[in-house]
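S.K.:
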Amino acid sequence: MWKRDTNILKANLNVLTPDAGDKTFSDFDIDERKFARKKELQAIGGMGWQKPTKVQEALVPLALEGKSVISRARTGSGKTGAYLIPIISKVVDHISVRFLCFDEGCLPDIDQLTQYLITCLDDHERFSILVAMFKLKLIVGKTIIFVNDINRCYLTSLLLRAFGLKACVLNSSMPANSRFYVIDQYNRNTFEIVIASDAVDTLGNDTGHTKELSHRDKEAGVSRGIDFNHVSNVVNLDFPTSTDIYIHRVGRTARGGSRGTALSICTPTERVYLEAISKDINEQLGKNVMIPYEIRVGELDSFLLRVKEVLSKCGKSVIKAARMHEIRLEVRTSLLSLNCMKRIS
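Numbering (full-length UniProt numbering), first residue to last: 1 to 345.
1) If you drop the 5 nearest sequence neighbours on each side, which residues of the same chain put their C-beta closer than 6 angstroms to that of Y293?
2) Quick check: the Cα distance between A176 and A322, rounded to an integer number of angstroms?
3) Anyone know if the C-beta pair for S89 and L64 falls short of 8 angstroms?
4) DSSP on I110, reduced to helix/strand/coil?
5) Please name the residue in G141, F163 and D198 whose C-alpha comes closest to that of V169.
6) At the level of alpha carbons, what is the spacing between D301 and C340?
7) Would you mind listing the alpha helix (DSSP H) stretches within the stretch 103–168 that are 4+ residues and don't spill past its ends, in chain order?
8) What does the alpha-carbon distance come out to for the pair F127 and L84?
9) Just to confirm, is the Cβ distance from V91 to F146 under 8 angstroms?
10) What's the gap between the Cα of L274 and the Cα of G286?
11) Who pairs with T261 in a beta bridge, going by DSSP?
12) Output needed for K34: all residues of its chain with C-beta closer than 6 angstroms, excluding positions within five of it in sequence on either side, in chain order.
13) In this structure, does DSSP put P292 in helix, strand or coil?
14) Rounded to whole angstroms, what is the Cα-Cα separation between I195 and S312?
15) Since I believe N151 is in contact with I291 (beta carbons under 8 angstroms), could you give me their beta-carbon distance rounded to a whole number of angstroms?
16) Taking its Cβ as the centre, do 16 or more other Cβ atoms sit within 10 Å of K279, making it buried, or is it exposed?
17) Excluding the 5 residues flanking L335 on each side, which residues of the same chain have their C-beta closer than 7 angstroms to its C-beta?
18) What residues match up with S278 in a beta bridge as DSSP calls it?
19) Thinking I265 and F239 are a contact (beta carbons under 8 angstroms), I'd like their distance in whole angstroms, please.
20) Taking the C-alpha atoms as reference points, what is the distance between N187 and V231?
21) Could you pull out every residue in the same chain whose Cβ sits closer than 6 angstroms to the Cβ of Y154, ignoring the five residues on either side in sequence?
22) So L138 and A254 are supposed to be a Cβ contact under 8 angstroms. How far apart are they, rounded?
23) Roughly how many angstroms separate the alpha carbons of I193 and K135, rounded to a whole number?
24) Which residue's Cα is closest to the Cα of W49: G315, I110 and T80?
25) According to DSSP, which residues form a beta bridge with I195?
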């Protein structure tokens, strides 16, 4: 049987008038952390509340102690605020803990993740190296290829397709249902290669990204927050523009005790990013972690000629057509899935 709390009864007896009490909001033990406390008090002040009402004075301390409270007072006495202030304090507590959680943004164990660096002169060499490594089985297993903008997703897809390599495209311009479908197909091993773009100002902190997306898509960057299963390799086809992006990209592999490989390709125009990111990571780990991967580009002439031919045919109109084809395909797939679900139900 529920037992009446004497503190609740006391609160009920003292909150029958809406007048302001003798305390100020800063007298409440809202939050001992300086930053959180300051923000909460600023928010309360922003509401135009100068002093707590008697109902707030009576209930807030009890609620902050974790006790159940019931109030009975007339309209305008401050009951809503009396409940919301402790609730917000608890929410801020959880948010603060979240800010301190860096699991997703930390590099995997250095013994699990092998990080290679390939330098080349231009896009022709970059794409030739990528194709050669797949065709010569130097890259084996489930792989995520990261590029820096959405059009590059489709360009890379067209190139790999020309060499008989099956891949799916994933970027934040796609509808959410389509993204979930692609991730599901990848996790079911329907595809071994996914080409992903994180062309979003992720969490609002990184610059240098393609600003193709609206504010509502800020969290849609593929490098973070997506559950890819059993990824063996991450290929930074376009070199990331910040340490944060690099860490979140390579963090897609070497998870759960498994080993993984991160391969980053860098051209002279991206050298500034390489130097900054290498410095940050080497300082964090106390050693050089990007191992130079030697490629004799002269031995890739046959790939280079074919890559140049394919790229010469992949103009803006071809890429746009590829994007439209993917959209139509995803809409058709979504409709088929919806019809199947309707039949089942």
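Where a beta carbon is used, it is the ideal one built from N, C-alpha and C, also for glycine. Just so it is clear, the structure is predicted and the values come from calculations on it, not from any experiment.
M.R.: According to the data block:
1) Reading the sequence shown from its first residue, position 293 is the one you call residue 293. Leaving aside the five residues that flank Y293 on each side, the residues in its chain whose CB is nearer than 6 angstroms to its CB run, in chain order, Y116 and I118.
2) For this step, residue 176 is matched to residue 176 along the sequence shown. For this step, residue 322 is matched to residue 322 along the sequence shown. So the two alpha carbons sit approximately 19 angstroms from each other.
3) As a position in the sequence shown, residue 89 is number 89, starting the count at 1. As a position in the sequence shown, residue 64 is number 64, starting the count at 1. Their beta carbons are under 8 angstroms apart, which means S89 touches L64 by this criterion.
4) Against the sequence shown, residue 110 aligns to sequence position 110. I110 falls in the coil class under three-state DSSP.
5) Residue mapping note: residue 169 aligns to position 169 of the sequence shown, counting from 1. Checked all of G141, F163 and D198; the closest Cα to V169 is D198.
6) Position 301 of the sequence shown, counted from the start, is the residue given in the question as residue 301. Position 340 of the sequence shown, counted from the start, is the residue given in the question as residue 340. Straight-line Cα distance between these residues: approximately 49 angstroms.
7) Within the stretch 103–168, the runs of alpha helix (DSSP H) at least 4 residues long that lie entirely inside it are, in chain order, 123–135 and 150–162.
8) Translated into positions along the sequence shown, residue 127 becomes position 127. Translated into positions along the sequence shown, residue 84 becomes position 84. For F127 and L84, the distance between alpha carbons rounds to 56 angstroms.
9) In the sequence shown, counting from the first residue as 1, residue 91 sits at position 91. In the sequence shown, counting from the first residue as 1, residue 146 sits at position 146. One thing to note: V91 has its Cβ no nearer than 8 angstroms to the Cβ of F146.
10) Residue numbering aside, residue 274 sits at position 274 when the sequence shown is read from its first letter. Residue numbering aside, residue 286 sits at position 286 when the sequence shown is read from its first letter. Whole-angstrom Cα-Cα distance: 17 angstroms.
11) Along the sequence shown, one-based indexing puts residue 261 at 261. Residue pairing by DSSP places T261 opposite T114 and N233 in a beta bridge.
12) Position 34 of the sequence shown holds residue 34. With a pLDDT of 41 at K34, under the threshold of 50, the predicted position of this residue should be treated as unreliable, though the coordinate-derived value follows. Closer than 6 angstroms at the Cβ level, and outside the excluded window around K34, lies no residue.
13) Within the sequence shown, residue 292 is the residue found at index 292, counting from 1. Here P292 carries a strand assignment [DSSP, helix/strand/coil].
14) By 1-based counting over the sequence shown, the position of residue 195 is 195. By 1-based counting over the sequence shown, the position of residue 312 is 312. When rounded, the distance between both Cα atoms is 20 angstroms.
15) Counting from 1 along the sequence shown, the entry for residue 291 is found at position 291. Counting from 1 along the sequence shown, the entry for residue 151 is found at position 151. In this structure I291 is not in contact with N151, their Cβ atoms being roughly 31 angstroms apart against a cut-off of 8 angstroms.
16) Translated into the one-based positions of the sequence shown, residue 279 becomes position 279. By the neighbour-count definition (other C-beta atoms within 10 Å, threshold 16), K279 is an exposed residue.
17) Looking up residue 335 in the sequence shown gives position 335. For L335, where only same-chain residues beyond five positions count, there are no Cβ hits under 7 angstroms.
18) Translated into the one-based positions of the sequence shown, residue 278 becomes position 278. Answer is none; S278 lacks a bridge partner.
19) The count along the sequence shown starts at 1 and reaches residue 265 at position 265. The count along the sequence shown starts at 1 and reaches residue 239 at position 239. Contact holds; Cβ gap of about 7 angstroms.
20) If you number the sequence shown from 1, residue 187 lands on position 187. If you number the sequence shown from 1, residue 231 lands on position 231. Each residue's Cα considered, the two are about 9 angstroms apart.
21) If you number the sequence shown from 1, residue 154 lands on position 154. The residues are I319, A322 and R323.
22) The residue given as residue 138 occupies position 138 in the sequence shown. The residue given as residue 254 occupies position 254 in the sequence shown. Not quite, the Cβ-Cβ distance comes to about 18 angstroms (not below 8 angstroms), so this is no contact.
23) Start at 1 with the first residue of the sequence shown, and residue 193 comes out as number 193. Start at 1 with the first residue of the sequence shown, and residue 135 comes out as number 135. One C-alpha to the other measures close to 13 angstroms.
24) Indexing the sequence shown from 1 puts residue 49 at position 49. When only C-alpha atoms are compared, the closest one is T80.
25) For this step, residue 195 is matched to residue 195 along the sequence shown. I195 is bridged to I145 and V169.
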